[in-house]
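Structure first, commentary second.
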Amino acid sequence: MKELFFDLAAYANGQLRGGEVLLANFDGEVSDFLRFNHARVRQPMTVHQAHLTLQLIDGRRHDRTTLAITGNAEEDRPAVKGALEAMRADLPALPEDPYLLYCDEAGASDNARTGRMPSPEEAVEMITTAGAGLDLVGILASGPVFRGFASSLGARHWHEVDSFLFDWSVYRSGDKAVKASFAGQQWDRAEVARRLDATRAQLPFLARNPRTIEPGAYRAYVSPAALDELLWMLNWGGVSAKEQRTQQSTIQQLVDGEVALSPLVTLREHIAGGLAPAFDEAGFARPASVDLIRAGRHAGSLVSPRTAQEYGIESNGADESESMQAMELAAGQLPRADALRALDTGVYVGNFHYLNWSDRSAARVTGMTRFATYWVEGGEIVAPLAVMRFDDSLYRMLGSELEALDNETDWILNNGTYGGRSVETSRVPGALLRQLRLTL
Amino acid sequence: MPFDAESIAHRFRRLAPARVDYASLRVVEEHSNTTRVRQDVVEPAERSIDRGAMISVLAGDGIGYAATSDLTDAGLRAALDRAAHWARLSQGRSVFDAPPALPRAAGRYASATTKPLALSAADRLDLLMRESKACRIDERIVDWEASLWTVRSRQMTAGIDDGETLQEYDFTIPALHVVAHAEGLTQTRSWGGRYNGYCQQGGLEVIERSGFVGSGRTTAEEALQLLAAPNCPAGRFDVLLMPDQMMLQIHESIGHPLELDRILGDERNYAGTSFVTLDMFGAYQYGSKLLNVTFDPTRSEEFASFAFDDEGSRAQREFLIRDGLLLRPLGGTISQQRAARLRSDLGSVATARSCGWNRPPIDRMSNLNVEPGTSTLEEMIASIDDGILMKTNASWSIDDSRNKFQFGCEWGQRIREGRLAEVVRNPNYRGISATFWRSLAMVGDASTMEVMGTPYCGKGEPNQAIRVGHASPACRFQGVDVFGAEK
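Those sequence lines, one after another, are chains A and B. So the working numbering is basically just the index in the first sequence, starting at one, shifted up by 241. So the working numbering is basically just the index in the second sequence, starting at one, shifted up by 114.
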């Protein structure tokens, strides 16, 4: 893929005229997806895809086109030439863009992180034999993901990373299930077996009669997976500098210094600890780390080059969406092994589901509990909990009601595969809350 | 390589290995063009030309898939080999009891476009810039954006033996939203929904009938009205849901629960399961007797109209719920065959679809509509002594069985003694699907209908965001749990 991309970029550069500048972004993957249900194969597939985005710039006018790339130069070069000609024809009709900003330096980087992926044979055999006797449902996704940037000004950046994500649930009955995952770069059959055994070990808890509780405020332990769901909400209009500058951020009061979160909360974008490339779509290098919340106080935002130009601030490696790609919440002091004991009596939330902002001005989020969520008494799991809706503010959950954070964090690979496999990652502890508001 | 359906189908049949039981090819080519103007400044263009093929191979009870953007002989051959490999690996270990039987389809479909959208770049910008500039009416308007997204999509399917389908679509999606802010309060008002709720098949005629022209100023005025409005009260009220909220209500609490692949458990690790079980079809009273819900791929302007689904089944209109009684699920041929071992008399509809060339078909809702009733909007308002009209979805959340939901809207308006009264902001309501539809008290007539939809219906592993349509009248529900914002 690397050769394909840089060859096409060089070809495209050769088509430029006068003072034209070209930015080229590459996005590709060769993915095996094995979808399974009841520990049997539902949909197995391989997806080989590559897309090239060309941005033609003439002065402050620019236009952009994305093309599916075949990998065959005889097919791709005419498509690239055609796209350039179409953009060149449209440029005079476009106004000058006051917010255009791109990297005009000739930097280079090459980051290839190879791993060991499961073969199709191993994947099918593992699902159907290791999962035998279990109502196992989910997906195994694996293979390389590619990102590239090149410019006619001499920049050449390449990022290639192998990864897998085995993401599964084991159902006991009805909607009662345990969810787990195993992600990384080195496929390890023994570790898969260990994690499957761990999910199997929880099934007896799910066999107990479910507990139904009344809406109200309950003491709660929010697992790393559930807290991860909650924190990703900040990518939806939370940490974006543009959203903050236009008073639309869901944490505007925090940004404006009107409220503070718990001093336990320190959140950063930590590209160095994730799988995302170390360069942005405009060719700028991403800083290894960007502090967003420090000890409960607003510390920074994600700033794209376009927002930087509009508001006269520094960009810091964010793409146009200004969303986190390698989220990291600092660990706390609570030993993970003591979490249930510290909870004492309340709700253990295994996972949250279908979160949405219910009151953006108040950073209020609603969503459901899901999977292995239990009622706990005296530090012991008593029964699975019938699904409950929560509706509560981040200012409370991560502020006044946050009692402790785990002293360890889980590394989580985002299971998103819309359009292509996500390279977003997170590192998150669990959280002990004095109160979580359940509403339905 | 240009999209030459005949050539690709011919080459596929030449290359398809004779040793597989069945193979099919689906080629998708999509030209997409999004133009956006934010605060009177043109945003970076989003144009794309996407093209690729998905090959499905059947070997006994195993189905394998392979997708590639390489449509040369070498690319198709490699994909065939890979799909065949997956199919054989799955044989004897698949979810199927017996080899699935897929229809052999042939025929054509094209959007009923009357005015092909051939706007130049300058014309598109003029259209959007006019609306954008019209939003600038007050210093409290702090952000706004107008956009136009057009898609030309062509899809061809071919079987290993014979039969081809060619379906060609034009999609047009105008949108606009405005953000107002003052004294610590921010309100967003959108035209057509914040996430492209006004989306239809067709060309320029979609824009003409949509009311997009002139939407800039009225939307900005409504944003300012919301800024000055009191918070929505909390309590039990009769609620009048307008079509741009009804579409979300239908989508989440009828559409998803009726998807047969959810009922069969495929989605339990991601999108979720369903409170609906196979035994409920033909016996379960889903809503009041006023509730009539159709799967309707024949409504020409609606977003997800088509002649064949992606498994090759011919699509036709069917009632899913009639007089409140649940009749049939949303499931394609393969799901129907899987379900048959559990219940042989289950009806189905042609709605197995994929979001693009790189994903296999799964059960979707396509066009899912509430049929009109007999009440005018005026009659419904007049029937409410103390209630709230809600308009334009802003927030949505529902449990993994599609039962406990909480939805919010951009726009609320009190109804007092049968008359529309003051505007309220941040209206929300919550309920349970299994009981909510039974509180349906009045259904608007055809004059209250609107044809909406979404380009972003998400489910599936790997994930697929697909186009679906929802046409609905305004509807009145009794005794709904309503609430507002914190302040």
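Positions of the beta carbon are idealized from the N, C-alpha and C atoms, including for glycine.
From the options, pick the residue whose C-alpha is nearest to that of residue i; which is it?
i                      : options                    : result
residue 514 of chain A : A:522, A:252, A:528        : A:528
residue 579 of chain A : A:482, A:649, A:324, A:314 : A:649
residue 647 of chain A : A:605, A:601, A:573, A:523 : A:573
residue 433 of chain B : B:413, B:463, B:427, B:420 : B:463
residue 669 of chain A : A:440, A:389, A:569        : A:569
residue 367 of chain B : B:305, B:511, B:320, B:310 : B:511
residue 288 of chain B : B:123, B:256, B:324        : B:324
residue 150 of chain B : B:480, B:587, B:161        : B:161
residue 200 of chain B : A:338, A:357, A:286        : A:286
residue 430 of chain B : B:452, B:482, B:487        : B:482
residue 493 of chain A : A:303, A:435, A:600        : A:600
residue 637 of chain A : A:459, A:265, A:522, A:431 : A:459
residue 469 of chain A : A:595, A:264, A:257, A:626 : A:595
residue 253 of chain B : B:222, B:244, B:297        : B:297
Would DSSP call residue i helix, strand or coil?
i                      : result
residue 349 of chain A : strand
residue 669 of chain A : strand
residue 200 of chain B : helix
residue 147 of chain B : strand
residue 405 of chain A : strand
residue 127 of chain B : helix
residue 315 of chain B : strand
residue 581 of chain A : helix
residue 449 of chain B : helix
residue 262 of chain A : strand
residue 192 of chain B : helix
residue 364 of chain A : helix
residue 370 of chain B : helix
residue 402 of chain B : coil
residue 289 of chain A : strand
residue 252 of chain A : helix
residue 115 of chain B : Note that residue 115 of chain B scores a pLDDT of 49, beneath 50, so its modelled location is shaky; the value from the coordinates is reported in the next line. Coil.
residue 659 of chain A : coil
residue 476 of chain A : helix
residue 549 of chain A : helix
residue 568 of chain A : strand
residue 370 of chain A : helix
Which first and last residues belong to the alpha helix (DSSP H) in which residue i is found?
i                      : result
residue 323 of chain A : 314-331
residue 335 of chain B : 329-342
residue 493 of chain A : 493-496
residue 240 of chain B : 235-248
residue 549 of chain B : 547-550
Can you tell me where the beta strand (DSSP E) holding residue i begins and where it ends?
i                      : result
residue 300 of chain B : 299-305
residue 419 of chain A : 417-425
residue 573 of chain B : 564-573
residue 487 of chain A : Counting along the chain, residue 487 of chain A falls outside any beta strand (DSSP E), and DSSP gives it neither H nor E.
residue 352 of chain B : 349-355
residue 434 of chain A : Where residue 434 of chain A is concerned, there is no enclosing beta strand (DSSP E), although the alpha helix (DSSP H) it sits in stretches over 430-448.
With 7 Å as the threshold, decide whether the Cβ of residue i is near any Cβ in chain A.
i                      : result
residue 205 of chain B : no
residue 122 of chain B : no
residue 158 of chain B : yes
residue 115 of chain B : Residue confidence for residue 115 of chain B is low, a pLDDT of 49 falling below 50, so the modelled location carries little weight; the figure read from the coordinates is stated next. So yes, residue 115 of chain B belongs to the interface.
residue 438 of chain B : no
residue 587 of chain B : no
residue 236 of chain B : yes
residue 357 of chain B : no
residue 232 of chain B : no
Please decide whether residue i counts as near chain B, where near means a Cβ-Cβ distance under 7 Å.
i                      : result
residue 307 of chain A : yes
residue 370 of chain A : no
residue 400 of chain A : no
residue 598 of chain A : yes
residue 312 of chain A : yes
residue 380 of chain A : yes
residue 404 of chain A : no
List the whole-angstrom C-beta distance separating residue i from residue j, where the pair is believed to meet the contact cut-off of C-beta under 8 Å.
i                      : j                      : result
residue 577 of chain B : residue 658 of chain A : 4 Å
residue 146 of chain B : residue 315 of chain B : Not a contact, Cβ separation roughly 15 Å.
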